[in-house]
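Novice:
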Amino acid sequence: MNLTSLVFLFFYLIIFIIYFIVPKKFQWIILSISSFIFLFYHNLSFATISQALIALLSAYLFGILIEKNLENGKSRKFLLFGIGLILIELIYLKYTNLFISTFNYIVRVFHIGSQQSYIYRNSLIGISYYSLIMISYLIDVYRGSCKAQKNIFKCALFMFYFPILTSGPFIRYNDMESELYSGHKFNYHTMCSGLLRICWGIFKVLVISQRLGYFVDGVYNNLALYNGFYVLIAALFFPLQLYTNFSGSIDIIMGISEILGIKLPENFKTPFFSKTITEFWRNWHITLGAWLKDYIFYPLLKSDIMQKLNRECKKIFGKKTGKKIPLYLSMLIMWILIGTWHGGAYTYIIGSGLLQFIFIFLEDILSPIVSKINIKLGINEETFSYKLYQVIRTYLLFSFSMIFFRATSISNAIDIIKNIFVWNPWVLFDHTSLYKTGLDLYNYHILIVSLIAMFVVQLLQRTGSVREKLCKQNIIFRWTIIYILIFSIIIFGCYGPGYDPTTFIYRQF
Amino acid sequence: MKKLCKIFIFLFIFCILWNCIFKILWLEKTPIKYFYDEPKNSLDVVYVGSSNAYAHFNTTLAYHLYGFTTGMLSADSQPFAVVKYLIKESEKYQKPNLYVIDIAKLVDDLDSFGEGDIRKSTDSMKFSKNRNDAIDELLHYSKGKKDDCVNYYFSFLTYHNRWKNLSSQNFIGDNHLYKGYLLFDATVQQEPQQNYKWSVNTIKLQKENKKVLMNLIDYIQLEKLNTLFVIPIRTFQNKDDERLNDAISILKKEKMNVINFNDLKDFTVDFNKDFYNFAHLNVYGSTKYTIYFSNYLKENYSLKDRRNSKIYRSWDREYERFKTTFKELTNIKFEQYLSQIKS
């Protein structure tokens, strides 16, 4: 069920009505039922029911077992067993093809054995999300920072809460326990605020992201036709497309939950204003970064192996350099995992993993040197122009890494990069070339205006909630803005069939 | 209470804006949309059919000659299966003395209709159960078109895209329609056609088409509606005339009135001058057709003369507008042409 579809709109409307009609103590049941409907809406089969049951029982039973055995030391075994089961299911359903592609590569290079064909398994929606959510739940129970949920249906609700199944964010049991189970009273202001956020999310997805997608897909899917500036623009558009799609979905999810009285953690904070890649990732997919830091990076850094490595490196490379090696190694592992989580292909591992690590590593190593050079050259790092340069640099680096993320294979990514280095700047000025790639002049106008609107909103966001600012305005201004937003989505949104209604006029017998 | 009022006002303004915007964005005015514009219970005849209906029967001329008013429930390539629902829809707004039903499209394969053919009729209908039922039935017959079926029910999913195709006509209305009758530069062309002779043979109607026809007859008999089935004068291809012969015998068997304009002794048109393509009469042919048919209707059905009533002034205005356009397009005064035909 697509979050921007009419079916979902009706589905949510029904949930909303029933949710606020039933007594507060039963609201979580409505959410559970809705989540199950959402989960199996397109995919109800023995296989998918089994997948859900295995994941749910792994989390539910091992959560209880871990809690019961916290005192006698067996809890660690149960933790590892529970996480193992969840991971096996996740790897089996999502990452088999990663292993197959690795195997095929080895076969190709060393001429041994025969190539294996890819396997496409029928997995449940949101498996990447709920698997990590349940792992964090088991770890939290193990750490004693939360109590195990004894009601299997409540546990299922936490795991499969329907809005987050499509795009996250990652939730933690401690934060969500009271939000999901305690029940909420209808609040007019919360409803208005939530609806506004939903509209803004839909605007980002349907008006901006889809439109950018026409161009990006038009170019990337036809590399034989397009090169040079076409590919460069596509490469620069793609991060924006990704951001508007992802953050737009998150806005819809947050708005949906907000109306129901459920507060979810924020996942984005104007990432394109970041001056470094490190800062960028603090503002992009925040909950994934936080999850990996809390459950992978820090435990790894504090692990016995890393501590031992730390000591050895300090002996060999000295105190200052030596302590950084285990840190970078842990970071490398974390970034590879981030890349792997994004999808079972090497393009993801490189695009959203390894390259990000390399950029952060270089930033860390080079920033003191750059600062020294800047001082010697008399460049003031506090000026607007320098900050602008840093923001643009970060955007360009991220755009470069996203070429791999968007590519179908590593060789495709290399082709894209090669294609950029063709000199054809006239395509920007001849008033026709750019219109052949999926967007016509009218759509460019809409795109530019929408991007400016988003930029203004993001600027305002940096100094506080835009919705709160809007609420303080008088009703005429407020409603005008809301109507403009709603009708912009309805009229300029890229949805419905790509059918040209002018062919239907009655004159063409 | 204050909050409830706020919600109500917000939604009210939203609906007004929606209505204004989509009136412009939706299709240009179609005969069916003009039908809705007519005051309640003001129509004497409702003419249902495909493009033959609005290209052949000049409603303003019929009014000018005999004073009865005719509403057009027709669209280009209108599938016959939609006729029943259009009549049902018509019954909500009008109580006409007669329904004229054009059956030219009855012989088309029901699964041959494309998205456009389905939309042309149903998109112009108001959001209603009849519209939904019509879409359901058309989609039922149109194999393989059910993937995006939601778009048929909610037309804005399709028409919102029209923002870049808007022209002045979307804002000021379509001036090619005259109370549902179509006249513009293409319909004054004279495209010579081969003399066409109606076949005397009969081929059985397709099973599904017969079912659709029988459903319509059942509905007409149940509601006791006064109807007249017509086969328009034109060239029929692929033995469609032979299938229509079967339809005629079915209709006669069910005691329905039928006129086949291709097989009348006292009426014909000039196949060299009166068509602008093989299926459609041009303005000259349609004038002849209207004179004959409106006279027939006046003589055989009790239709009131509305010409002196103030409520029907818009019909006079539209007739005047039609005459002006006729003069502009042909350089002939319509009265002059009219008297020429009558003589």
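Protein sequences, first through last, are from chains H and Y.
Read left to right, the first sequence gives residues 1 to 509 (my numbering).
Read left to right, the second sequence gives residues 1 to 343 (my numbering).
Glycine included, each C-beta is placed from N, C-alpha and C at the ideal position.
Keep in mind the model is a prediction, meaning the values are calculated, not measured.
Quick one: give me the first and last residue of the alpha helix (DSSP H) that Gly-493 (chain H) is part of.
Specialist: Per DSSP, Gly-493 (chain H) lies in no alpha helix (DSSP H) segment and is marked neither H nor E.
Novice: Which chain C residues are close to Ile-21 (chain Y), counting only those with a beta carbon under 9 angstroms from its beta carbon?
Specialist: Considering every chain present, this structure includes no chain C. Its protein chains are H and Y.
Novice: Could you check which residue in Y:Trp-163, Y:His-160, Y:Asn-257 has the C-alpha nearest to that of Tyr-103 (chain Y)?
Specialist: According to the sequence displayed, residue 103 (chain Y) carries Ile and not Tyr. Looking at the Cα atoms, Y:Asn-257 is the closest of the given residues.
Novice: Starting from Gly-339 (chain H) and walking both ways along the alpha helix (DSSP H), at which residues does that stretch end?
Specialist: 324 to 342
Novice: Taking only beta-carbon atoms, is Phe-504 (chain H) less than 8 angstroms away from chain Y?
Specialist: With a pLDDT of only 29 at Phe-504 (chain H), under the threshold of 50, the placement of this residue in the model should not be trusted, and no figure is reported.
Novice: Closer than 8 angstroms, CB to CB, is Thr-325 (chain Y) near chain H or not?
Specialist: no
Novice: Verify the CB distance criterion: does Met-1 (chain Y) have a CB-CB separation below 8 angstroms to chain H?
Specialist: no
Novice: Do Tyr-142 (chain H) and Ser-75 (chain H) come within 8 angstroms of each other at the CB atom, strictly closer than that value?
Specialist: yes
Novice: At 4 residues or longer, what runs of the alpha helix (DSSP H) sit wholly inside the region 16 to 83 of chain H?
Specialist: Runs of the alpha helix (DSSP H) inside the region 16 to 83 of chain H: 27 to 40, 46 to 68.
Novice: Exposed or buried, which one is Phe-511 (chain H) when buried takes at least 16 other CB atoms within 10 Å?
Specialist: No answer is possible for residue 511 (chain H): the residues shown for chain H start at 1 and end at 509.
Novice: Assuming Ser-374 (chain H) is part of the alpha helix (DSSP H), what are its boundary residues?
Specialist: According to the sequence displayed, residue 374 (chain H) carries Asn and not Ser. 355 to 377 is the span of the alpha helix (DSSP H), which, as asked, contains Asn-374 (chain H).
Novice: With DSSP as the reference, label Val-457 (chain H) as helix, strand or coil.
Specialist: Correct three-state label for Val-457 (chain H): helix.
Novice: Between the C-alpha atoms of Leu-277 (chain H) and Gly-201 (chain H), what's the straight-line distance to the nearest angstrom?
Specialist: Checking the sequence shown, residue 277 (chain H) turns out to be Ile, not Leu. Their Cα atoms are separated by approximately 25 angstroms.
Novice: Leaving out five residues before and five after Ala-156 (chain H) in sequence, what residues of the same chain have Cβ atoms less than 7 angstroms from its Cβ?
Specialist: Ser-32, Leu-56
Novice: Quick check: is the beta carbon of His-140 (chain Y) nearer than 8 angstroms to any beta carbon in chain H?
Specialist: For His-140 (chain Y), the answer is no, since every Cβ of chain H falls outside 8 angstroms of its Cβ.
Novice: At which residues does the beta strand (DSSP E) containing Asp-102 (chain Y) begin and terminate?
Specialist: 98 to 102
Novice: Could you pull out every residue in the same chain whose Cβ sits closer than 8 angstroms to the Cβ of Ile-286 (chain H), ignoring the five residues on either side in sequence?
Specialist: Pro-169, Pro-265, Glu-266, Asn-267, Phe-268, Lys-269
Novice: Which partner residues does Val-45 (chain Y) have in the DSSP bridge list?
Specialist: Y:Thr-70, Y:Leu-98
Novice: Could you check the C-alpha separation between Ile-341 (chain Y) and Val-100 (chain Y) for me, to the nearest Å?
Specialist: Distance between the alpha carbons of Ile-341 (chain Y) and Val-100 (chain Y) is about 24 angstroms.
Novice: Among Y:Asp-263, Y:Ile-248, Y:Thr-187, Y:Ile-13, which residue has its Cα nearest to the Cα of Ile-217 (chain Y)?
Specialist: Here the closest residue by C-alpha is Y:Ile-248.
Novice: Find the residues of chain Y that neighbour Leu-292 (chain H), judging by a C-beta separation of less than 8 angstroms, and give them in chain order.
Specialist: Residues of chain Y passing the Cβ test: none, with the nearest at roughly 40 angstroms.
Novice: Out of curiosity, what's the CA-to-CA distance linking Val-109 (chain H) and Leu-85 (chain H)?
Specialist: Rounded to whole angstroms, Val-109 (chain H) and Leu-85 (chain H) show a C-alpha spacing of 33 angstroms.
Novice: Would you tell me roughly how many angstroms separate the C-alpha atoms of Tyr-105 (chain H) and Gln-241 (chain H), rounded to the nearest one?
Specialist: 31 angstroms
Novice: Thinking Leu-213 (chain Y) and Leu-106 (chain Y) are a contact (beta carbons under 8 angstroms), I'd like their distance in whole angstroms, please.
Specialist: About 6 angstroms separates the beta carbon of Leu-213 (chain Y) from that of Leu-106 (chain Y), a gap short enough to meet the 8 angstroms contact definition.
Novice: Leaving aside the five residues before and after Gln-461 (chain H) along the sequence, list all residues of the same chain whose C-beta is less than 7 angstroms from its C-beta, in chain order.
Specialist: Thr-270
Novice: What residue ranges within the region 112 to 166 of chain H form continuous alpha helix (DSSP H) runs of no fewer than 4 residues, ordered along the chain?
Specialist: For secondary structure counted as the alpha helix (DSSP H) over 4 or more consecutive residues, the region 112 to 166 of chain H holds these complete runs in sequence order: 127 to 143, 152 to 160.
Novice: When you check each C-beta in the region 145 to 175 of chain Y against every C-beta of chain H, which residues fall closer than 8 angstroms?
Specialist: Asp-148, Val-150, Asn-151, Phe-154, Phe-156, Leu-157, Thr-158, Tyr-159, His-160, Asn-161, Arg-162, Trp-163, Lys-164, Asn-165
Novice: For Ile-291 (chain Y) and Asn-260 (chain Y), which I take to be in contact (beta-carbon distance under 8 angstroms), what is that distance rounded to the nearest angstrom?
Specialist: Wrong, their Cβ atoms sit about 18 angstroms apart, outside the cutoff.
Novice: Of all the alpha helix (DSSP H) runs that stay within the bounds of the region 388 to 424 of chain H, which reach a length of 4 or more residues?
Specialist: 410 to 420
Novice: Based on the DSSP secondary-structure assignment, which residues constitute the bridge partners of His-280 (chain Y)?
Specialist: In the DSSP output, where bridge partners are listed per residue, His-280 (chain Y) has Y:Asn-277.
Novice: For Val-200 (chain Y), which of helix, strand or coil comes out of DSSP?
Specialist: coil
Novice: By the three-class DSSP mapping on this structure, what secondary structure does Leu-183 (chain Y) have?
Specialist: coil
Novice: For the candidate residues Y:Arg-321, Y:Lys-197, Y:Asp-76, whose alpha-carbon lies nearest to that of Gln-237 (chain Y)?
Specialist: Y:Lys-197
Novice: Can you tell me the Cα-Cα spacing of Ile-9 (chain Y) and Ile-16 (chain Y), whole angstroms?
Specialist: 11 angstroms
Novice: Please identify the residue among Y:Ile-233, Y:His-140, Y:Tyr-312, Y:Val-45 whose C-alpha is closest to the C-alpha of Gln-94 (chain Y).
Specialist: Closest option to Gln-94 (chain Y), Cα to Cα, is Y:Val-45.
Novice: Can you pull the DSSP bridge partners for Ile-231 (chain Y)?
Specialist: Listed as beta-bridge partners of Ile-231 (chain Y) by DSSP are Y:Asn-260.
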